[in-house]
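Undergrad: Below is a structure I'd like to ask you about.
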Amino acid sequence: MKIEDCIADFQIPRYLHYMDSAATSLIPEPVIAAMNEYDRQYRANVGRGMHRLTRVATQKYQDAHDRVSSFIGGNEGTTVFTRNTTEAINMVAAGLDWHSGDRIVTTGAEHHSNLLPWLRLRQEGIEVGIIQPGEAGIFDIEAFEEAITANTKLVAVSHASNVLGTVQSVREIADICKARGAYFLVDGAQSIPHFPVDARRMGCDFLCFSGHKMLGPTGTGILWMRDAVISPLILGGGTVEDVTTEGYTLTGGYKRFEGGTPNISGAIGLAQAVKYLENLGMDAVFRHEQKLTDHLLAGLAGIENVTVHGPENVKNRIGVVSFTIDKIHPHEIAYLLDERAAILVRSGDHCCIPLMRHLGLENGTLRVSLYLYNTLEEVDLLIETIEEIARIA
Ligand code: PMP
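Given below as structure tokens:
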């Protein structure tokens with residue numbers, strides 16, 4: 023299937039121009055159909071019985087894990103389904119065996135979901151070192167060399183910024199972590215949906231991302247682990263091999279980490295979303311977004327009063343473009359874009375208050391985030407409307 027042909031699968035009213043995919047993406051018809059099929063035709067619990075429906079559901083649920091694992095080159099690791107990226111990161115924060123004096127290294131450009139779980143560990147005597155980004159959100163790799171000390175147990179970095187669109191060279195950070203014996207967690211919430219990623223080649227130990235940002239349903243996320251070294255956050259049905267009143271033996275694989283009845287239709291929908299992306303090809307998805315982003319950046323560069331925050335060319339960036347217009351609040355711009363042209367974008371701090379402080383942007387930014395269903399015509403409409411708004415500002 024060609025990217026241009028997929029637009030019909032997204033049944034949002036045609037007069038709306040959705041450019042907020044970094045928050046959550048739209049969902050195509052085949053994903054909705056796969057979830058409906060489960061609810062209508064073979065709804066049953068998974069891993070819990072012998073009747074025919076539970077056998078079908080269990081197989082589909084297992085297949086969903088296999089498909090997501092292979093999508094990220096993670097077949098040799100453990101792929102756990104979670105509610106979202108936030109839950110996946112919190113599972114690592116709660117599940118590693120921390121000792122007072124251990125150190126965590128993260129950055130000042132992280133989403134709160136990849137910062138708060140680490141900051142909380144300070145209460146347990148864990149040191150948290152924060153590396154600040156340079157211009158356009160790019161990090162100096164030497165800063166990681168310096169910050170990742172011998173007592174560093176974990177380094178947590180986002181692969182692509184949800185504010186600036188910058189893509190980090192995670193492979194280089196992974197090499198440093200390996201040399202110093204630190205675990206490496208990558209927040210892939212903004213990378214996995216947008217370009218091909220191979221978890222093993224990237225060299226991380228944990229990869230966290232969200233299904234709802236990659237055409238899947240809300241309430242779906244993933245924690246991939248190279249080795250399942252954490253202890254599970256939740257225990258109960260499905261997580262054990264054997265139980266007596268004295269104790270229990272935990273089961274292996276993803277089941278150890280998915281206590282209780284999971285989001286079965288969500289998992290099936292997520293697998294269908296992955297299949298959809300695979301059919302298009304992640305290289306093609308990335309090329310399409312680059313074309314749109316290039317066009318948008320060129321258009322914004324020509325408007326007086328507009329400042330783009332983040333890399334100004336398409337190399338090493340995704341289709342997340344943050345900008346401000348002099349003398350007009352980002353919330354007002356977002357409101358006007360909706361009012362005048364039915365363009366839907368995000369404004370504010372994007373759950374990155376420390377980054378906003380660091381950049382001196384107390385009102386935040388306006389963030390456009392493009393995906394495979396956006397078109398050049400929509401980007402033109404956006405540029406024209408921004409021109410009008412900048413003129414009246
Ligand atoms: N990390 C990044 C980089 C994100 O962009 C987001 C979502 N905006 C998250 C983490 C949190 O994702 P979720 O809300 O799905 O947990």
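In terms of the numbering used here, the sequence shown opens at residue 23 and continues consecutively.
Glycine included, each C-beta is placed from N, C-alpha and C at the ideal position.
Keep in mind it's a predicted model, so treat the numbers as computed, not measured.
Hey, out of V265, T174, E300 and Q190, whose CA is closest to D119's CA?
TA: Looking up residue 119 in the sequence shown gives position 97. Answer by Cα proximity: T174.
Undergrad: Between Q212 and A182, how many whole angstroms is the CB-CB distance? I'm expecting something under 8 Å.
TA: As a first step, residue 212 is located in the sequence shown; it is residue number 190 there, counting from the start. As a first step, residue 182 is located in the sequence shown; it is residue number 160 there, counting from the start. Indeed they touch by this definition, with Cβ atoms about 4 Å apart.
Undergrad: Does the structure place the segment 74 to 86 close enough to the segment 288 to 297 that three or more beta carbon pairs sit under 8 Å?
TA: They touch, by the three-pair rule.
Undergrad: Kindly indicate which three-state DSSP category E334 falls into: helix, strand or coil?
TA: Taking the sequence shown and counting its residues from 1, one reaches residue 334 at position 312. If DSSP states are grouped into helix, strand and coil, E334 belongs with coil.
Undergrad: Determine the contact status of A356 and L255, defining contact as a CB-CB distance below 9 Å.
TA: In the sequence shown, the residue the question calls residue 356 occupies position 334. In the sequence shown, the residue the question calls residue 255 occupies position 233. Cβ atoms of A356 and L255: not closer than 9 Å.
Undergrad: Please output, in chain order, the residues near the ligand PMP using a CB cut-off of less than 5 Å to any non-hydrogen atom of the ligand.
TA: Spelled out in chain order, the answer is N106, T107, T108, H133, S135, S180, N184, D209, A211, Q212 and S232.
Undergrad: Could you work out which residue in F32, G332, V90 and L186 is closest to G99 when comparing CA atoms only?
TA: In the sequence shown, counting from the first residue as 1, residue 99 sits at position 77. It is V90 whose Cα lies nearest to the Cα of G99.
Undergrad: Within the continuous alpha helix (DSSP H) that includes F93, where are the two ends?
TA: Walking along the sequence shown from the start, residue 93 turns up at place 71. Taken as a continuous stretch (DSSP letters only), the alpha helix (DSSP H) holding F93 covers R74 to F93.
Undergrad: Quick one: complete beta strand (DSSP E) runs, 3+ long, within the segment 264 to 298?
TA: Runs of the beta strand (DSSP E) inside the segment 264 to 298: 270 to 272.
Undergrad: What do you reckon, are the CB atoms on G260 and T240 nearer than 9 Å?
TA: Working through the sequence shown from its first residue, we reach residue 260 at position 238. Working through the sequence shown from its first residue, we reach residue 240 at position 218. Result no, Cβ atoms of G260 and T240 do not sit closer than 9 Å.
Undergrad: Could I get the ranges of all uninterrupted alpha helix (DSSP H) runs contained in the segment 118 to 202, with 4 residues as the minimum, in chain order?
TA: Fully enclosed alpha helix (DSSP H) runs of 4 or longer: 138 to 142, 163 to 169 and 192 to 202.
Undergrad: I need the straight-line Cα distance from V189 to R339, nearest angstrom please.
TA: Here residue 189 is taken as the residue at index 167 of the sequence shown, counted from 1. Here residue 339 is taken as the residue at index 317 of the sequence shown, counted from 1. So the two alpha carbons sit approximately 5 Å from each other.
Undergrad: Can you give the Cα-Cα distance for L319 and V401, rounded to whole angstroms?
TA: On the sequence shown, residue 319 is found 297 positions in, with the first residue counted as 1. On the sequence shown, residue 401 is found 379 positions in, with the first residue counted as 1. Near 10 Å, if we compare the C-alpha coordinates of V401 and L319.
Undergrad: Decide yes or no for the touch test of the segment 366 to 374 against the segment 321 to 329: beta carbon pairs closer than 8 Å, at least 3 of them.
TA: The segment 366 to 374, when compared against the segment 321 to 329, does not touch it at the 8 Å Cβ threshold.
Undergrad: What is the DSSP secondary structure of H372, reduced to helix, strand or coil?
TA: Taking the first residue of the sequence shown as position 1, residue 372 is located at position 350. In the structure shown, H372 sits in coil (DSSP, three-state: anything other than H, G, I, E or B).
Undergrad: Measuring alpha carbon to alpha carbon, tell me which of R74, I214, G281 and D209 ends up nearest I94.
TA: One-based indexing of the sequence shown puts residue 94 at position 72. Residue I214 is the option with its Cα nearest to I94.
Undergrad: Determine the direct distance from the alpha carbon of L245 to that of R278, and round the result to whole angstroms.
TA: The count along the sequence shown starts at 1 and reaches residue 278 at position 256. The count along the sequence shown starts at 1 and reaches residue 245 at position 223. Those two C-alpha atoms are separated by around 13 Å.
Undergrad: Do C199 and D162 come within 9 Å of each other at the CB atom, strictly closer than that value?
TA: On the sequence shown, residue 162 is found 140 positions in, with the first residue counted as 1. On the sequence shown, residue 199 is found 177 positions in, with the first residue counted as 1. Cβ distance not < 9 Å, so D162 and C199 don't count as in contact.
Undergrad: Quick one, which of R193, A363, G386 and C374 has its alpha-carbon nearest H134's?
TA: As a first step, residue 134 is located in the sequence shown; it is residue number 112 there, counting from the start. Checking every option, the nearest Cα to that of H134 belongs to C374.
Undergrad: Let me make sure I understand the geometry here. Which of R309, P376, I54 and A412 has the alpha-carbon closest to that of D31?
TA: Residue mapping note: residue 31 aligns to position 9 of the sequence shown, counting from 1. Cα-wise, what sits closest to D31 is I54.
Undergrad: Can you tell me where the alpha helix (DSSP H) with F217 in it begins and where it stops?
TA: Reading the sequence shown from its first residue, position 195 is the one you call residue 217. Counting along the chain, F217 falls outside any alpha helix (DSSP H), and DSSP gives it neither H nor E.
Undergrad: T346 to I252, Cα distance in whole Å?
TA: Walking along the sequence shown from the start, residue 346 turns up at place 324. Walking along the sequence shown from the start, residue 252 turns up at place 230. When rounded, the distance between both Cα atoms is 42 Å.
Undergrad: So which of T107, F103, V342 and N184 has the shortest CA-CA distance to G275?
TA: As a working mapping, residue 275 is identified with position 253 in the sequence shown. Measuring from the Cα of G275, the nearest candidate turns out to be F103.
Undergrad: Inspect the beta-carbon positions of T283 and V68 and report whether they are closer than 9 Å.
TA: Translated into positions along the sequence shown, residue 283 becomes position 261. Translated into positions along the sequence shown, residue 68 becomes position 46. For T283 and V68, yes; Cβs fall inside 9 Å.
Undergrad: From G281 to V262, what distance separates their C-alpha atoms?
TA: Counting from one through the sequence shown, the residue named residue 281 turns up at place 259. Counting from one through the sequence shown, the residue named residue 262 turns up at place 240. C-alpha separation (whole angstroms): 9 Å.
Undergrad: Could you spell out the range, first to last residue, of the beta strand (DSSP E) harbouring D209?
TA: If you number the sequence shown from 1, residue 209 lands on position 187. Unbroken beta strand (DSSP E) run through D209: Y205 to D209.
Undergrad: Quick check on the burial criterion: 16 or more other C-beta atoms within 10 angstroms. Buried or exposed for G382?
TA: The residue given as residue 382 occupies position 360 in the sequence shown. Flag for G382 reads exposed.
Undergrad: Helix, strand or coil for I244? Go by DSSP, reduced to three states.
TA: On the sequence shown, position 222 is the one that residue 244 refers to. Strand.
Undergrad: If you drop the 5 nearest sequence neighbours on each side, which residues of the same chain put their C-beta closer than 6 Å to that of Y419?
TA: Look at the range of the chain in this structure, 23 to 415, and you will see that residue 419 is not part of it.
Undergrad: One question on the structure: do V179 and N136 come within less than 9 Å of each other, judged by their Cβ atoms?
TA: Here residue 179 refers to the residue found at position 157 when the sequence shown is read from its first residue. Here residue 136 refers to the residue found at position 114 when the sequence shown is read from its first residue. Yes; because the gap between Cβ atoms is below 9 Å, this pair is in contact.
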